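Taking it in order: structure first as structure tokens, then the write-up.
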Amino acid sequence: MQQRVAAWAAVLLALASMGCGTADRCDGGAGCGEAAPTEADCIEALAAHRAVDGCGVFVISSASLESGDGTMASPVTSLARAIELARAGRRRVFACHRVYREILTIPSGIDIHGGFDCDSGWQYDADWARTILQVTWTQAPQTIVPDEGERQGLDDGVTTITDVDFRQIGPFDTVQAGQTAYGLVVESNAAVELIRSDIVVGHGARGLHGNSTRVDQPERARNGAPGNPGNDGCSAGTVPGGAPVTTVCDDGSVSTGGKGGDGHADRGEAGSDGTPLPSPNPDGHGLGGSGANAEEDRCERGKPGQDGEPGADGRSGRGPGRMTRAGWVGESGTDGKAGAPGTAGGGGGAVGGAAACGASPKGGPSGGSGGSGGCGGNAGGGGGYGGASIGIVVFAGARATLREVAIEPGSGGHGGRGGRGQTRGYGGVGGAGGQLRADGSRACAGGSGGYGGDGGHGGGGTGGPSIGIAYVAEDQLTLENVTIELGAPGEGGLTDKLDGDKGDDGFVAETYRFSP
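Read in order, the letters of the sequence shown are residues -23 to -1, 1 to 493 in mature numbering (1 follows the signal peptide of the UniProt record, and there is no 0).
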């Protein structure tokens, strides 16, 4: 017996001489002389819901602690840092029950285990000690991406996340129009297994209204200019006709009324045509009126311009939208078309003045000029689509396994209202003909300009959907004991079309497969 005690004493003395046996010389929580846990030990501990030093990186969200080395005794203070360290080690993170306000990009194969009460020695208590990843609606979602770096041979390429809740909160006033809310995104060639976790997603944002950027636009398009009156007879040897007037519209189109005919002693000239003339022009819109000689006194008014065609209405958004690399995209309403401008009126004909102006030959009264055409109304803009609310997006080539998971997407955003097309401009009134002072008779007036066409109304945007899981291939999902509580679909955007056409309403779906 004494020999055995002496032998043990010699062993202890030898160990002490090597520096073991003192707490401040021991490393990372493993006992002095204890081997680091094997991966089999770590898996066994995880099965029993135990967090063990050496099996992963420990993290606690805290503003008062300095970030440590990732051991249980000295945890790091952000999940991003924990993931960075885990990539070079056991590729596993143990997260304390705290709220982590971080946007994470998680390489496939890095595991995150929540539900540990770090105030009680890292005991597992997922019913009370919830680990929460929290972002606002305006921020990017949490994302699982393929790991392009070197692996340590310890992972299967699947990110396992247990007892972690994903939440989105306000503020609501900074959300961009049409923004979609996502809880978790799994990129192509990545894989995730989500266990005992909740995903609560914000609402999709309302789509942009069609004319929201046109705050300074008047309700009515520019009216045509009234024609100038002709001049009275006997006032000059040649009495000039009313000067032409011009209107330039927002789209650059130009309408010029025809000049009134000049009055001479022996005859009155015809008025000029308005420009441009319609083509074809079977009804003679905008032609100048004929003049009359002194004996006839029968001139003609200028012909009125032609009204512009109204612009076509835009088409309202249709369909469920599509999934792109940038995320879900709905269908906005298209813009309406601008109304066409009215064409100008022709100038009025003049009358000769020899018979009424006495011995001294003077010109007769001249014709009034034509009014220019009214401008066409600007088009109403199309309403934007309302944003979607989607719990999880699984892109092509990715895989997702969910066990005991609750997903609560918000409501889809309402589609934006189609903008009202601008009301047409009036055509300018033709100028009156000049008067022959001797008998009060007049030369002929110019023709009035045509009205512009009303601008077409914009179409309404589609309402956003509320979707639990969006994916592109049938073999991507494995779902066990998954509950999904959907929000309301967004309403399609209205429009000012007479037929009441509007954008399609959004839809709701626990799972929805988009075409790749």
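C-beta atoms are modelled at their ideal positions from N, C-alpha and C, and glycine is treated no differently.
Quick caveat: nothing in here was measured; it's all calculated off a predicted structure.
Cα-Cα separation between residue i and residue j, rounded to whole angstroms
i: TRP105; j: CYS95; result: 12 Å
i: PRO442; j: ALA103; result: 32 Å
i: PRO253; j: ASP228; result: 15 Å
i: GLY361; j: GLU487; result: 25 Å
i: GLY432; j: GLY179; result: 37 Å
i: GLY45; j: ARG27; result: 21 Å
i: ARG397; j: GLY204; result: 31 Å
i: ILE80; j: GLU462; result: 24 Å
i: GLY210; j: GLY279; result: 19 Å
i: ASP416; j: ARG275; result: 14 Å
i: ILE37; j: ARG75; result: 7 Å
i: PHE35; j: GLU170; result: 20 Å
i: THR15; j: GLY66; result: 12 Å
i: ASP290; j: GLN194; result: 19 Å
i: ILE60; j: LYS479; result: 48 Å
i: ALA220; j: SER232; result: 14 Å
i: VAL449; j: SER492; result: 6 Å
i: ARG58; j: GLY294; result: 44 Å
i: LEU23; j: SER55; result: 22 Å
i: GLN156; j: GLU381; result: 29 Å
i: ALA409; j: GLY248; result: 12 Å
i: LEU264; j: THR400; result: 27 Å
i: VAL177; j: TRP114; result: 11 Å
i: CYS3; j: VAL306; result: Here the model assigns CYS3 a pLDDT of 37, short of 50, so the residue's position is not dependable, and the following value carries that caveat. Cα to Cα, CYS3 sits roughly 56 Å from VAL306.
i: GLU196; j: VAL370; result: 44 Å
i: GLY357; j: GLY438; result: 13 Å
i: GLU246; j: ALA202; result: 23 Å
Nearest to residue i (by Cα), restricted to the options the options
i: ILE121; options: ASP46, VAL370, VAL162 and GLY92; result: VAL162
i: ILE87; options: GLU308, GLY263 and THR139; result: THR139
i: LYS474; options: VAL382, GLY351, SER418 and THR311; result: THR311
i: VAL222; options: VAL406, GLU381, GLY467 and TYR448; result: VAL406
i: THR48; options: ASP243, CYS73 and ALA24; result: CYS73
i: ARG173; options: CYS226, VAL459 and GLY304; result: VAL459
i: HIS391; options: LEU379, GLY351 and SER366; result: SER366
i: ASP175; options: ASP481, SER267, LEU110 and PRO466; result: LEU110
i: ARG78; options: GLY350, GLU468 and ASP142; result: ASP142
i: GLU451; options: THR301, ALA375, LYS339 and LYS236; result: ALA375
i: PRO183; options: PHE484, GLY470 and ASP476; result: It is Arg, not Pro, that sits at residue 183 in the sequence shown. Checked all of PHE484, GLY470 and ASP476; the closest Cα to ARG183 is GLY470.
i: THR224; options: GLY234, PRO217 and GLN100; result: GLY234
i: GLY160; options: LYS339, LEU62, ARG144 and ALA333; result: ARG144
DSSP state of residue i mapped onto helix, strand, coil
i: GLY291; result: coil
i: ILE60; result: helix
i: ALA486; result: strand
i: ILE37; result: coil
i: LEU110; result: strand
i: ALA17; result: helix
i: ALA336; result: coil
i: ALA28; result: coil
i: ALA22; result: helix
i: ALA447; result: strand
i: SER349; result: coil
i: TYR159; result: strand
i: GLU277; result: coil
i: PHE491; result: coil
i: GLY368; result: strand
i: SER388; result: coil
i: VAL406; result: coil
i: ARG394; result: coil
i: ASP260; result: coil
i: ALA321; result: coil
i: ASP175; result: strand
i: ASP142; result: strand
i: ASN208; result: coil
i: residue 568; result: No information on residue 568 is available, as it lies outside the stretch -23 to 493 that the chain covers here.
DSSP bridge partner residues for residue i (one or two, in chain order)
i: THR252; result: THR233
i: residue 573; result: Examination of residue 573 is not possible in this model, given that the chain is present from -23 through 493 alone.
i: ALA377; result: VAL169 and LEU454
i: CYS73; result: PHE93
i: TYR101; result: PHE93
i: THR224; result: SER232
i: MET49; result: None; MET49 has no bridge partner.
i: THR460; result: ALA383
Rounded Cβ spacing between residue i and residue j (contact assumed at less than 8 Å)
i: LEU413; j: GLY341; result: 6 Å
i: GLY402; j: ARG199; result: 5 Å
i: PRO318; j: SER230; result: 5 Å
i: GLY33; j: ARG69; result: 3 Å
i: GLY395; j: GLY435; result: 4 Å
i: GLY282; j: GLY424; result: 7 Å
i: ASP429; j: GLY351; result: For the sequence presented, residue 429 should be read as Gly rather than Asp. At roughly 4 Å, the Cβ-Cβ gap stays under 8 Å, so GLY429 and GLY351 are in contact.
i: GLY296; j: GLY426; result: That pair is no contact at about 43 Å.
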